[in-house]
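Participant: First the structure, which I've put down as structure tokens, then a few questions once you've had a look.
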């Protein structure tokens with residue numbers, strides 16, 4: 001079995017600089033969709049690593065707390081734990097690492113996507129079939145549309161570059177008609193349907209109904225959690 005090469009502290013820090021450079025390149029890409037997909041991937045990996053590390057740290061604290069100090073004194077482990085807020089400042093070693101002046105993984109910046117959250121909006125019975133209702137959730141103006149079969153769709157409640165609400169418009173199957181500009185949007189994707197080739201779209205939000213009949217709207221929910 002071939003073992004992967006081990007990195008010393010300086011090589012580890014150089015790797016973080018290389019990653020930082022790649023991320024900065026991603027931020028300047030002239031392809032919004034590629035940027036969106038790249039950072040969606042990074043944020044999904046962040047959730048994956050954070051959950052795994054949380055379980056690992058809980059296991060160490062419960063079964064082998066004596067390992068915490070050696071872990072805090074290891075440069076690579078220390079920077080990883082700092083990145084995920086597992087090492088409070090008062091638990092850092094008193095003697096700094098000989099490589100502490102080098103960039104650490106905690107300095108890598110990834111655009112913050114926000115923590116996944118489901119926000120209560122209303123009771124399902126308060127949104128009649130074939131109608132829509134307006135709400136302000138998480139500082140966003142949101143319109144929730146209910147179709148036959150209890151299909152629910154949530155979108156931003158205004159055309160792009162407008163403050164006029166869409167909830168005064170009309171629903172036609174999966175089509176939302178703007179009462180102000182004549183725009184027509186696909187409830188499922190937010191895409192504008194009557195402007196071929198247009199990149200104007202509405203922000204869409206996932207929805208769910210709780211067992212007690214409460215409609216919730218999701219913010220910062222990764223695709224794999226929907």
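Residue numbers (our numbering): 1 to 226.
Ideal Cβ positions, reconstructed from N, Cα and C, are used throughout, including at glycine.
Residues in its own chain within less than 6 Å of residue 35 by CB, not counting five upstream and five downstream?
Facilitator: Within the chain shown, the letter at position 35 stands for residue 35. Closer than 6 Å at the Cβ level, and outside the excluded window around residue 35, lie 29.
Participant: Could you check whether residue 215 and residue 121 sit closer than 7 Å to each other, using their CB atoms as the reference points?
Facilitator: Start at 1 with the first residue of the chain shown, and residue 121 comes out as number 121. Start at 1 with the first residue of the chain shown, and residue 215 comes out as number 215. Yes, the Cβ-Cβ distance between residue 121 and residue 215 is below 7 Å.
Participant: Using 8 Å for Cβ pairs, my map puts residue 176 next to residue 166. What's the rounded Cβ distance?
Facilitator: Here residue 176 is taken as the residue at index 176 of the chain shown, counted from 1. Here residue 166 is taken as the residue at index 166 of the chain shown, counted from 1. Their Cβ separation, rounded to whole angstroms, is 6 Å, which keeps residue 176 and residue 166 in contact under 8 Å.
Participant: In the DSSP output, which residue or residues are listed as bridge partners for residue 132?
Facilitator: Numbered from its first residue, the chain shown carries residue 132 at position 132. Partner(s): 145.
Participant: By the 10 Å Cβ neighbour count, where 16 or more other Cβ atoms means buried, how is residue 173 classified, buried or exposed?
Facilitator: On the chain shown, residue 173 is found 173 positions in, with the first residue counted as 1. Per the 10 Å Cβ criterion, exposed.
Participant: Check for me: the alpha helix (DSSP H) holding residue 58 runs from which residue to which?
Facilitator: What you label residue 58 is simply residue 58 of the chain shown in a count that begins at 1. Counting along the chain, the alpha helix (DSSP H) containing residue 58 begins and ends at 32-63.
Participant: Quick check on residue 124: does DSSP put it in helix, strand or coil?
Facilitator: On the chain shown, residue 124 is found 124 positions in, with the first residue counted as 1. Helix.
Participant: With a threshold of 6 Å on Cβ separation, who are the neighbours of residue 183 within its own chain once the five nearest residues in sequence on each side are excluded?
Facilitator: Position 183 of the chain shown, counting from 1, holds the residue named residue 183. 159 and 192.
Participant: Going by alpha carbons, who is nearest to residue 200 out of 210, 186, 14 and 147?
Facilitator: Position 200 of the chain shown holds residue 200. Selected option, being the one with the closest Cα: 186.
Participant: Going by beta-carbon coordinates alone, are residue 190 and residue 137 separated by less than 7 Å?
Facilitator: Against the chain shown, residue 190 aligns to sequence position 190. Against the chain shown, residue 137 aligns to sequence position 137. Cβ atoms of residue 190 and residue 137: not closer than 7 Å.
Participant: Have a look at 144, 42 and 80 and flag the residue whose alpha-carbon is nearest the alpha-carbon of residue 135.
Facilitator: As a working mapping, residue 135 is identified with position 135 in the chain shown. Among 144, 42 and 80, the Cα nearest to that of residue 135 is on 144.
Participant: Taking only three categories from DSSP, how would you classify residue 103?
Facilitator: In the chain shown, residue 103 corresponds to position 103, counting from 1. Confidence at residue 103 is low in this model, with a pLDDT of 39, below 50, so its placement is unreliable and the value that follows should be read with caution. Three-state DSSP puts residue 103 in coil, outside helix and strand.
Participant: When DSSP labels each residue in this structure, what does residue 170 get in the three-state scheme?
Facilitator: Looking up residue 170 in the chain shown gives position 170. In this structure, residue 170 counts as strand in the three-state DSSP scheme.
Participant: Per DSSP, what are the beta-bridge partners of residue 9 in this structure?
Facilitator: By 1-based counting over the chain shown, the position of residue 9 is 9. Answer by DSSP bridge pairing: none, since residue 9 is not bridged.
Participant: Quick one: grab the DSSP three-state call for residue 77.
Facilitator: In the chain shown, counting from the first residue as 1, residue 77 sits at position 77. In this structure, residue 77 counts as helix in the three-state DSSP scheme.
Participant: Give a yes or no on whether the C-beta atoms belonging to residue 213 and residue 123 are separated by under 7 Å.
Facilitator: On the chain shown, position 213 is the one that residue 213 refers to. On the chain shown, position 123 is the one that residue 123 refers to. Closer than 7 Å, so yes.
Participant: With a threshold of 7 Å on Cβ separation, who are the neighbours of residue 125 within its own chain once the five nearest residues in sequence on each side are excluded?
Facilitator: The count along the chain shown starts at 1 and reaches residue 125 at position 125. 213.
Participant: If you follow the beta strand (DSSP E) that residue 218 is in, where does it begin and where does it stop?
Facilitator: Here residue 218 is taken as the residue at index 218 of the chain shown, counted from 1. That run of the beta strand (DSSP E) goes 214-219.
Participant: Assuming residue 222 contacts residue 40 (C-beta within less than 8 Å), just tell me the rounded distance between them.
Facilitator: Reading the chain shown from its first residue, position 222 is the one you call residue 222. Reading the chain shown from its first residue, position 40 is the one you call residue 40. Right, the Cβ-Cβ distance comes to about 7 Å (below 8 Å), so this counts as a contact.
Participant: Please tell me whether residue 164 and residue 180 are closer than 7 Å, where the distance is taken between their beta carbons.
Facilitator: Walking along the chain shown from the start, residue 164 turns up at place 164. Walking along the chain shown from the start, residue 180 turns up at place 180. Their beta carbons are under 7 Å apart, which means residue 164 touches residue 180 by this criterion.
Participant: What residue range is occupied by the uninterrupted beta strand (DSSP E) comprising residue 243?
Facilitator: Shown here, the chain extends from 1 to 226; a query on residue 243 therefore has no answer.
Participant: Could you pull the DSSP bridge partners for residue 176 from this structure?
Facilitator: Start at 1 with the first residue of the chain shown, and residue 176 comes out as number 176. Bridge partners of residue 176: 171 and 185.
Participant: Roughly how many whole angstroms lie between the Cα atoms of residue 68 and residue 60?
Facilitator: For the purposes of this step, residue 68 is taken as residue 68 along the chain shown, with counting starting at 1. For the purposes of this step, residue 60 is taken as residue 60 along the chain shown, with counting starting at 1. Rounded to the nearest angstrom, the two C-alpha atoms are 8 Å apart.
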